[in-house]
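Asks: Residues in the sequence shown are numbered from 7 upward in steps of one, following our numbering.
Quick reminder that beta carbons are idealized off the backbone N, C-alpha and C, glycines included.
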Amino acid sequence: FETFAKEKALFPFGYGLSYTNFDIELLDFKADKEKITAKVQVTNIGKYAGKEVVELFARAPQGKLTKPLMSLVSFAKTTELAPGESQKIDLEVPAYNFASFDDTGITGHKYAYILEKGEYKFFLGENVREAQEIGSFEYSEDTVLEELEAICAPKEYIDRIIAHKINGSYIPKKVTVKPVKSLIFVKE
Numbered sequence: 007f008e009t010f011a012k013e014k015a016l017f018p019f020g021y022g023l024s025y026t027n028f029d030i031e032l033l034d035f036k037a038d039k040e041k042i043t044a045k046v047q048v049t050n051i052g053k054y055a056g057k058e059v060v061e062l063f064a065r066a067p068q069g070k071l072t073k074p075l076m077s078l079v080s081f082a083k084t085t086e087l088a089p090g091e092s093q094k095i096d097l098e099v100p101a102y103n104f105a106s107f108d109d110t111g112i113t114g115h116k117y118a119y120i121l122e123k124g125e126y127k128f129f130l131g132e133n134v135r136e137a138q139e140i141g142s143f144e145y146s147e148d149t150v151l152e153e154l155e156a157i158c159a160p161k162e163y164i165d166r167i168i169a170h171k172i173n174g175s176y177i178p179k180k181v182t183v184k185p186v187k188s189l190i191f192v193k194e
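#1: In terms of DSSP beta bridges, what is D29 paired with?
#2: Skipping 5 residues on each side, what residues in its chain have a beta carbon closer than 7 Å to that of S92?
#3: Cβ of L145 within 8 Å of Cβ of K123?
#4: List the residues that DSSP assigns as beta-bridge partners of T149.
#5: Strictly by DSSP, which residues pair up with I42?
#6: Pick out whichever of P74, Q68 and F63 has its Cα sitting closest to the Cα of I140.
#7: Looking only at its own chain, which residues have a Cβ that is under 6 Å from the Cβ of I36, when we skip the five neighbours before and after it?
#8: Just mark T85 as buried or exposed, buried being the case when its beta carbon has 16 or more other beta carbons within 10 Å.
#9: Give the single residue among I51, K70 and L75 whose Cα lies nearest to the Cα of E31.
#10: Between Y102 and Y119, is the Cβ-Cβ spacing less than 8 Å?
#11: So E98 and K41 are supposed to be a Cβ contact under 8 Å. How far apart are they, rounded?
#12: So, using beta-carbon positions, are L87 and E61 closer together than 8 Å?
#13: For E132, which of helix, strand or coil comes out of DSSP?
#14: Drop a sphere of 10 angstroms on the beta-carbon of F81, count the other beta-carbons inside from all chains shown, and report buried for 16 or more, exposed for fewer.
#15: Who are the near neighbours of K53 in its chain, counting only those whose CB is closer than 7 Å to its CB and skipping five residues on each side?
#16: For E155, which three-state DSSP category applies?
#17: What first and last residue would you give for the beta strand (DSSP E) that runs through A64?
#18: Helix, strand or coil for E144 per DSSP?
#19: By the three-class DSSP mapping on this structure, what secondary structure does E139 have?
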């Protein structure tokens, strides 16, 4: 819904109620081709003890493969924190977690997990709408993480809903995909 019609969702993805409030502070962010790491400190700034879930989202470039506006790539929950108490959390995300799967060969790499060239942005927060950008990483070319092969082709065409950008907004678009083999096995 965040990609197509976020106004239709009553609560944003990751939303949760608490009797207290928290501050989420980014201490360090590092990114390279293999992974990203974020070190954060969560502080209970409210009047009551409670727990908080820290969520890390990725926004991948819209290349040949359509992708959601934002994807949850990591999260962690604190222990119960008393008022004024803090906890440090380390989030480590392998690039595989924000890669896309090309089952049609549109990128030139059929049945492969791929990072399309472009800027990958990362956001941290307590839910998808309140997450703040904390850093980015640029892939200068398409990067194949893993190539697979497939068997057992479906007999019918498959309809998919993809994100189609028009005038800066994403709208749903129905596309029909030719039958592909559906069971995936790692190449030896």
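Replies: According to the structure shown:
#1: Position 23 of the sequence shown, counted from the first residue, corresponds to residue 29. Answer is T49.
#2: Translated into the one-based positions of the sequence shown, residue 92 becomes position 86. Excluding positions up to five away in sequence, the list reads Q47, V48 and T49.
#3: In the sequence shown, counting from the first residue as 1, residue 145 sits at position 139. In the sequence shown, counting from the first residue as 1, residue 123 sits at position 117. Leu is not the amino acid found at residue 145; the sequence shown has Tyr there. Yes, the Cβ-Cβ distance between Y145 and K123 is below 8 Å.
#4: Start at 1 with the first residue of the sequence shown, and residue 149 comes out as number 143. DSSP, once it has assigned bridges, lists L121 as partnering T149.
#5: Within the sequence shown, residue 42 is the residue found at index 36, counting from 1. Answer is A37 and V99.
#6: Within the sequence shown, residue 140 is the residue found at index 134, counting from 1. Nearest option by C-alpha distance: F63.
#7: Walking along the sequence shown from the start, residue 36 turns up at place 30. It is worth fixing the name first, because residue 36 is Lys in this sequence and not Ile. Cβ neighbours of K36 beyond the five flanking positions: T43.
#8: To locate residue 85, count along the sequence shown from 1; it is residue 79. Looking at its Cβ environment, which holds fewer than 16 other Cβ atoms inside 10 Å, T85 is exposed.
#9: Counted from its first residue, the sequence shown places residue 31 at position 25. Nearest option by C-alpha distance: I51.
#10: Within the sequence shown, numbered from 1, the residue matching residue 102 stands at position 96. Within the sequence shown, numbered from 1, the residue matching residue 119 stands at position 113. Contact: yes.
#11: In the sequence shown, residue 98 corresponds to position 92, counting from 1. In the sequence shown, residue 41 corresponds to position 35, counting from 1. The pair is a contact, with the Cβ atoms about 6 Å apart (cut-off 8 Å).
#12: Translated into positions along the sequence shown, residue 87 becomes position 81. Translated into positions along the sequence shown, residue 61 becomes position 55. For L87 and E61, no; Cβs fall outside 8 Å.
#13: In the sequence shown, residue 132 corresponds to position 126, counting from 1. Correct three-state label for E132: coil.
#14: Here residue 81 corresponds to residue number 75 of the sequence shown, with the count starting at 1. The residue is exposed, with fewer than 16 neighbouring Cβ atoms inside 10 Å.
#15: The residue labelled residue 53 in the question sits at position 47 within the sequence shown. Counting only Cβ-Cβ distances below 7 Å, and skipping sequence neighbours, we find T26 and P89.
#16: Taking the first residue of the sequence shown as position 1, residue 155 is located at position 149. Looking at E155 - three-state DSSP - the assignment turns out to be strand.
#17: Counting from one through the sequence shown, the residue named residue 64 turns up at place 58. Its beta strand (DSSP E) spans residues V59 to R65.
#18: On the sequence shown, residue 144 is found 138 positions in, with the first residue counted as 1. In the structure shown, E144 sits in a strand (DSSP, three-state: E or B).
#19: As a first step, residue 139 must be located in the sequence shown, where it is residue number 133. Residue state, collapsed to three classes: strand.
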